[in-house]
Amino acid sequence: MTTHFKKFGVIGGGAWGTAIAQMLTREGQQVVIWCLEPDVAEAINTCHENTVFLPGVVLKPDLKATCDLADLHGMDALFAVAPAQHTRATLRALKGKLKPGTPVVLCSKGIELATGEFMTDVLKAELPEAVPAVMSGPSFAIDVAKGLPTAVTLAIEDEQLGTELIAAISTPTFRPYLGHDLLGAEIGGSVKNVLAIACGIALGKGLGRSAHAALIARGSAEMTRLALKLGAERETLAGLSGLGDLVLTCSSETSRNMSCGLALGRGETLDSILGARNAVTEGVATAPVLRKLAAKHGVDMPISDAVAAVIEGEISVDEAIVQLLMRPNRAEAVTT
């Protein structure tokens, strides 16, 4: 398929942003990645490696890194991969540097703590001339960077534009599926991080794989409840950006959110866990705002609520477990 997408900008020099940039460059696209940290940009340009966030992966020499957002001017499409809590400021700095109608593919999985808004809302407020898209699904940065098979959802309202964009970024090992439910994709990507913390806590406390599986299943139910209440589609939450991402993140100790929960379950403090990391654990910031969002719309999300209470220091891990185990018996359904 003929496509006009030739030049791509990636906003965010973390592991996921670097992996996306590597994937695009490997297929012959012109890619510039914007990095907040000058040492990261320098390492990519001189050593062809992101030694801070994605060490051990040899990057294509054609991949160019910059610390100047002006270098993204005139790109055919942008991938916004900055952490959710920093996305607004980054997008705001792009005002005047974007061609009207440019797709901005949102890849951050979180809800803005200060406003309770999803990233599409943030994009529409800061760059109304952009075309919003959401890319989400079961995808670890290291797998994509190494060219291992990965499938994701790319949600965008303009089907023709989305089809053309997918044709430009698809590779033999990276397969985006076209969708139109941006909200559903965002909810799946955001809520699964909170649920992964819960799953990690359960395994860290030695509660066993049966409890772990139950948390994934009931977590999927509460994620779907919220999505339906907010107007998203059930099918989206059963797909790659919902169930697919949930299973991967809740089943792998290499997930930052899952590993955070594991450490909490083993008795470590949240401050010590986060202090030892150079990458963002999105679920920690998402949990409190998710609890407020659920309460605002009258959606029962007991697992997410328990995680938020632990994160905010209201209850201990042991108290959260008792709280969940003491819930009244009821029929198994998404609506309960």
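The numbering used here numbers the first residue of the sequence shown as 41 and each following residue consecutively. A virtual CB, placed ideally from N, CA and C, is assigned to each residue, including glycine.
To the nearest angstrom, how far is the alpha carbon of residue i from that of residue j?
{"i": "G240", "j": "G229", "result": "17 Å"}
{"i": "K332", "j": "I151", "result": "11 Å"}
{"i": "I351", "j": "Q200", "result": "42 Å"}
{"i": "D285", "j": "L277", "result": "10 Å"}
{"i": "K68", "j": "L222", "result": "Note that residue 68 is Gly in the sequence shown, not Lys. Taking the straight line from one Cα to the other gives about 28 Å."}
{"i": "S295", "j": "T321", "result": "9 Å"}
{"i": "A327", "j": "A185", "result": "29 Å"}
{"i": "V72", "j": "L364", "result": "47 Å"}
{"i": "G246", "j": "K100", "result": "42 Å"}
{"i": "W74", "j": "A207", "result": "24 Å"}
{"i": "D340", "j": "V80", "result": "42 Å"}
{"i": "I343", "j": "G224", "result": "19 Å"}
{"i": "A120", "j": "L112", "result": "12 Å"}
{"i": "G338", "j": "R66", "result": "46 Å"}
{"i": "E157", "j": "Q125", "result": "10 Å"}
{"i": "T213", "j": "P189", "result": "4 Å"}
{"i": "R274", "j": "T86", "result": "46 Å"}
{"i": "R258", "j": "A371", "result": "12 Å"}
{"i": "R367", "j": "A349", "result": "16 Å"}
{"i": "K164", "j": "P172", "result": "8 Å"}
{"i": "M63", "j": "I209", "result": "8 Å"}
{"i": "M263", "j": "I227", "result": "7 Å"}
{"i": "D311", "j": "S250", "result": "29 Å"}
{"i": "G301", "j": "A117", "result": "35 Å"}
{"i": "D198", "j": "A110", "result": "27 Å"}
{"i": "L268", "j": "S356", "result": "31 Å"}
{"i": "V97", "j": "A133", "result": "30 Å"}
{"i": "V144", "j": "N369", "result": "45 Å"}
{"i": "K139", "j": "R306", "result": "50 Å"}
Quick one: give me the first and last residue of the beta strand (DSSP E) that residue i is part of.
{"i": "P189", "result": "No beta strand (DSSP E) holds P189; DSSP gives it neither H nor E."}
With which residues is residue i paired in a DSSP beta bridge?
{"i": "W74", "result": "I51, T106"}
{"i": "I256", "result": "Partner(s): none; I256 has no beta bridge."}
{"i": "L94", "result": "N90"}
{"i": "T211", "result": "F214"}
{"i": "I196", "result": "A173"}
On the DSSP letters alone, give me the boundaries of the alpha helix (DSSP H) that residue i sits inside.
{"i": "G219", "result": "Where G219 is concerned, there is no enclosing alpha helix (DSSP H), although the beta strand (DSSP E) it sits in stretches over 214–219."}
{"i": "T43", "result": "Careful: T43 lies outside any alpha helix (DSSP H) and carries neither H nor E."}
{"i": "G246", "result": "No alpha helix (DSSP H) holds G246; DSSP gives it neither H nor E."}
{"i": "T289", "result": "285–291"}
{"i": "T294", "result": "No alpha helix (DSSP H) holds T294; DSSP gives it neither H nor E."}
{"i": "E275", "result": "274–277"}
Write down every uninterrupted run of the beta strand (DSSP E) in the stretch 97–176 whose length is 3 residues or greater and which is fully enclosed by it, in chain order. 104–106, 117–120, 143–146, 171–176
Along the chain, which unbroken stretches of the alpha helix (DSSP H) at least 4 residues long are found entirely within the stretch 300–368? 310–315, 322–336, 342–351, 357–365
Three or more C-beta pairs under 8 Å: does that hold for the stretch 81–101 against the stretch 53–67? yes
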